[in-house]
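A short write-up of the structure that comes next.
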Amino acid sequence: MMKETNGSENTTIDIGDVERNQQLASSIRGKLRAESRWPTQCCIFRVPTTLRRHNEGAYVPSIVSIGPFHDRGDKNLEEMERVKLWYLDSLLLRSPTAQTSLECFVSAIRKIEPNCRACYAEQLINLSCDQFVEMMVVDGCFIIELFRKYKKKDLRHKADPLFNMSWMRLALAHDMLLLENQLPWEVLEVLWNLTTRHTRDQRDTNFSAQKEDRQHVDPLDIHALRFFSTAMLTVAPEPHKRSTNKHLLDFLRNSLLSSFTDMTLEETSWEPIPCVTELLQAGVRFEVGNKNDLLNIKFNNGVMRIPPIFIQENAESLFRNLIAFEQCDHSCYNKITSYAIILDSLINSSEDVDFLRERGIIRNSLSTEDVAGFFHRLYNGAGVDNFAYAKLCKDLNNYSETPWHRWQAILKRDYFNTPWAILSFSAAILILGFTFIQTLLAVFSYSDPFRRS
Numbered sequence: 078m079m080k081e082t083n084g085s086e087n088t089t090i091d092i093g094d095v096e097r098n099q100q101l102a103s104s105i106r107g108k109l110r111a112e113s114r115w116p117t118q119c120c121i122f123r124v125p126t127t128l129r130r131h132n133e134g135a136y137v138p139s140i141v142s143i144g145p146f147h148d149r150g151d152k153n154l155e156e157m158e159r160v161k162l163w164y165l166d167s168l169l170l171r172s173p174t175a176q177t178s179l180e181c182f183v184s185a186i187r188k189i190e191p192n193c194r195a196c197y198a199e200q201l202i203n204l205s206c207d208q209f210v211e212m213m214v215v216d217g218c219f220i221i222e223l224f225r226k227y228k229k230k231d232l233r234h235k236a237d238p239l240f241n242m243s244w245m246r247l248a249l250a251h252d253m254l255l256l257e258n259q260l261p262w263e264v265l266e267v268l269w270n271l272t273t274r275h276t277r278d279q280r281d282t283n284f285s286a287q288k289e290d291r292q293h294v295d296p297l298d299i300h301a302l303r304f305f306s307t308a309m310l311t312v313a314p315e316p317h318k319r320s321t322n323k324h325l326l327d328f329l330r331n332s333l334l335s336s337f338t339d340m341t342l343e344e345t346s347w348e349p350i351p352c353v354t355e356l357l358q359a360g361v362r363f364e365v366g367n368k369n370d371l372l373n374i375k376f377n378n379g380v381m382r383i384p385p386i387f388i389q390e391n392a393e394s395l396f397r398n399l400i401a402f403e404q405c406d407h408s409c410y411n412k413i414t415s416y417a418i419i420l421d422s423l424i425n426s427s428e429d430v431d432f433l434r435e436r437g438i439i440r441n442s443l444s445t446e447d448v449a450g451f452f453h454r455l456y457n458g459a460g461v462d463n464f465a466y467a468k469l470c471k472d473l474n475n476y477s478e479t480p481w482h483r484w485q486a487i488l489k490r491d492y493f494n495t496p497w498a499i500l501s502f503s504a505a506i507l508i509l510g511f512t513f514i515q516t517l518l519a520v521f522s523y524s525d526p527f528r529r530s
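Going by our numbering, the sequence shown opens with residue 78, and the numbers climb by one from there.
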């Protein structure tokens, strides 16, 4: 071991320690440079444990794996891998365009492979470039072919299991809207454009291609909305024209937010509000809002307008994955999360659910008790830095805390709740008025003789 003495300070330096320190520092520096920073286009995430621990099954596919996050060899998922290849072969045999070939698909996806790989919140070092491109091609073609077959029955094979079993569509929709089960939207768009005939090619003699060409060709987003229509939470959302979709789950979220922009976007805290029953006692009235704007809850002049929401069996999974996406993607404001919070505040009992159902605001296939606990379960573990309904909650609390509004509500509830009650109250007022007048006349008549004297 070599040592070096510094005469001026009378210290001893171990040369071996210096070398080891330099080697360790160099090793750490190498790791820092090898680990790339979080890509800005990252948009497909593993659901954090703090969210998934409340309902693991809401984030895991049941019949089909899309993308690299879930094991395709799982016994519940492997059968669909054969269906994917069958759908790809069906697309190639139909050959709707001159670019419908594996060579074109592979070439196009390979060009965008780095960008697509960066969409995933894991480095995917176990997947080579070829393996990744193959996965994108097979999964992407399966999805776009599924959309086409759903719209056009003549494209379906008689033995197609995806359309011969009525439960299959909802199961597929459930799996295709999981955060961990996404493909980059760019992959779908590239494959869609390669296989969609936009202009008539006179050289193509394929009869099915010509038949498809003579019909109006809807864009990818319209096909996606049509397929997911029964899984939607509202009546008929429209594709968001002003945004760039990241994947199918993001596309669905954008569609739910398509015409709703009147929300607080700055950092604001959540101010709790009373439940429906308490608000009714405070004089608040409830009405059905615009059926196409799920999140567009309004409060004005004592009237709260809430768009109708459809709560079905898969609704919890969809909500949970939308919330998980907002929690993971820094570019997403917590609009869906805020919606779940405000609905949870409004619904505190089965009585609240029954009232909203009678008003046509909640439409569900679940029991009243299940709906009552539905929203409370959704956002467990979620954080909200920018609560979207901050102003609405403030206005609602100010209104409900005003005594006059509560007195008005009591008056209406106890004395004006039926036509007979109104008549009885009016008669009582008239009798009271007549009695008062009669008393005044009696007083005047009694005092008049004394004035004359």
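No residue lacks a Cβ here, since even glycine has one placed at the ideal position from N, Cα and C.
Kindly list the residues whose CB is nearer than 8 Å to the CB of residue i, restricted to its own chain and excluding five residues on each side of it in sequence; keep chain order.
{"i": "Gly437", "result": "Val365, Pro385"}
{"i": "Gly144", "result": "Ile121, Tyr197, Met212, Asp216, Glu257, Asn258, Gln259, Leu260"}
{"i": "Tyr476", "result": "Ala359, Gly360, Val361, Phe376, Gly379, His482"}
{"i": "Lys455", "result": "First, the residue type needs correcting, since residue 455 is Leu and not Lys in the sequence shown. For Leu455, where only same-chain residues beyond five positions count, the Cβ hits under 8 Å are Glu393, Phe396, Arg397, Ile400, Ala417, Asp421."}
{"i": "Phe209", "result": "Pro145, Glu190, Cys193, Arg194, Leu201"}
{"i": "Trp345", "result": "For the record, residue 345 in the displayed sequence is Thr; it is not Trp. If we look at Thr345 and ignore the five residues flanking it on each side, its Cβ neighbours are Asn463, Phe464, Ala467."}
{"i": "Cys352", "result": "Ser422, Leu423, Ile424, Asn425, Ser426, Asp429"}
Alpha carbon to alpha carbon, how far is residue i from residue j?
{"i": "Thr282", "j": "Arg149", "result": "Model confidence at Thr282 stands at a pLDDT of 48, short of 50, so the residue's coordinates are unreliable; what they give is reported in the following sentence. Answer to the nearest angstrom: the Cα atoms are 38 Å apart."}
{"i": "Ile439", "j": "Arg233", "result": "36 Å"}
{"i": "Leu268", "j": "Asn132", "result": "34 Å"}
{"i": "Phe464", "j": "Leu254", "result": "24 Å"}
{"i": "Phe402", "j": "Asp94", "result": "48 Å"}
{"i": "Ser442", "j": "Arg246", "result": "18 Å"}
{"i": "Lys412", "j": "Ala198", "result": "22 Å"}
{"i": "Leu169", "j": "Thr127", "result": "44 Å"}
{"i": "Tyr330", "j": "Arg171", "result": "Sequence inspection shows Arg at residue 330; the Tyr mentioned does not correspond to that position. Computed Cα separation, rounded: 33 Å."}
{"i": "Asp91", "j": "Ser103", "result": "19 Å"}
{"i": "Leu201", "j": "Arg194", "result": "8 Å"}
{"i": "Ala519", "j": "Leu507", "result": "18 Å"}
{"i": "Asn367", "j": "Leu433", "result": "15 Å"}
{"i": "Asn322", "j": "Met242", "result": "31 Å"}
{"i": "Arg129", "j": "Arg123", "result": "10 Å"}
{"i": "Gln99", "j": "Met157", "result": "53 Å"}
{"i": "Trp244", "j": "His147", "result": "22 Å"}
{"i": "Leu326", "j": "Asn203", "result": "25 Å"}
{"i": "Cys405", "j": "Glu96", "result": "42 Å"}
{"i": "Asp447", "j": "Ser139", "result": "22 Å"}
{"i": "Gln118", "j": "Thr479", "result": "48 Å"}
{"i": "Ile383", "j": "Pro349", "result": "17 Å"}
{"i": "Arg291", "j": "Lys229", "result": "Because Arg291 sits at a pLDDT of 43, beneath the cut-off of 50, its placement in the model cannot be relied upon, and the following sentence gives the value as read from the coordinates. Taking the straight line joining both Cα atoms gives about 14 Å."}
Could you round the C-beta distance between residue i and residue j to whole angstroms and report it? I think they count as a contact, below 8 Å.
{"i": "Val461", "j": "Trp347", "result": "6 Å"}
{"i": "Leu372", "j": "Tyr416", "result": "5 Å"}
{"i": "Ile419", "j": "Ile374", "result": "7 Å"}
{"i": "Leu260", "j": "Leu249", "result": "In fact, because the Cβ distance is near 14 Å, the residues do not count as touching under 8 Å."}
{"i": "Asn391", "j": "His251", "result": "5 Å"}
{"i": "Asn369", "j": "Thr311", "result": "7 Å"}
{"i": "Leu154", "j": "Val137", "result": "That pair is no contact at about 10 Å."}
{"i": "Leu297", "j": "Glu266", "result": "6 Å"}
{"i": "Pro165", "j": "Cys218", "result": "Residue 165 is actually Leu in this sequence, not Pro. Sure, about 5 Å apart at Cβ, within 8 Å."}
{"i": "Thr273", "j": "Thr174", "result": "7 Å"}
{"i": "Glu222", "j": "Ser184", "result": "No, Glu222 and Ser184 are not in contact; Cβ-Cβ is about 19 Å, not under 8 Å."}
Leaving out five residues before and five after residue i in sequence, what residues of the same chain have Cβ atoms less than 6 Å from its Cβ?
{"i": "Phe363", "result": "Met381, Arg436"}
{"i": "Phe304", "result": "Phe224, Tyr227"}
{"i": "Gln176", "result": "Leu271"}
{"i": "Pro125", "result": "none"}
With a threshold of 8 Å between beta carbons, is residue i in contact with chain C?
{"i": "Asp295", "result": "In the structure shown, chain C cannot be found, because there is only a single protein chain."}
Leaving out five residues on either side along the sequence, give the residues of the same chain with a beta carbon under 7 Å from the beta carbon of residue i.
{"i": "His324", "result": "Cys120, Ile121, Gln259, Leu260, Pro261, Trp262"}
{"i": "Thr445", "result": "Ser427, Val430, Asp431"}
{"i": "Gly134", "result": "none"}
{"i": "Thr516", "result": "none"}
{"i": "His407", "result": "none"}
{"i": "Lys235", "result": "none"}
Checklist entry - At what residue ranges does the segment 151-238 contain a whole run of the alpha helix (DSSP H), taking only runs of 4 or more? => result 155-171, 179-188, 190-194, 206-228
Checklist entry - Is the number of C-beta pairs between the segment 466-476 and the segment 391-405 that are closer than 8 Å three or more? => result no
Item to check | contact_flag[the segment 414-427, the segment 443-463] where n(CB pairs < 8 Å) is 3 or more | outcome: yes
Checklist entry - Enumerated in chain order, which unbroken segments of the beta strand (DSSP E) with a length of 3 residues or greater are wholly contained in the segment 371-458? => result 375-377, 380-383, 386-388, 439-441
Item to check | Contact the segment 145-161 vs the segment 174-191: 3+ CB pairs below 8 Å | outcome: no
Checklist entry - Where are the alpha helix (DSSP H) runs, 4 residues long or more, that stay fully inside the segment 102-152, in chain order? => result 126-129
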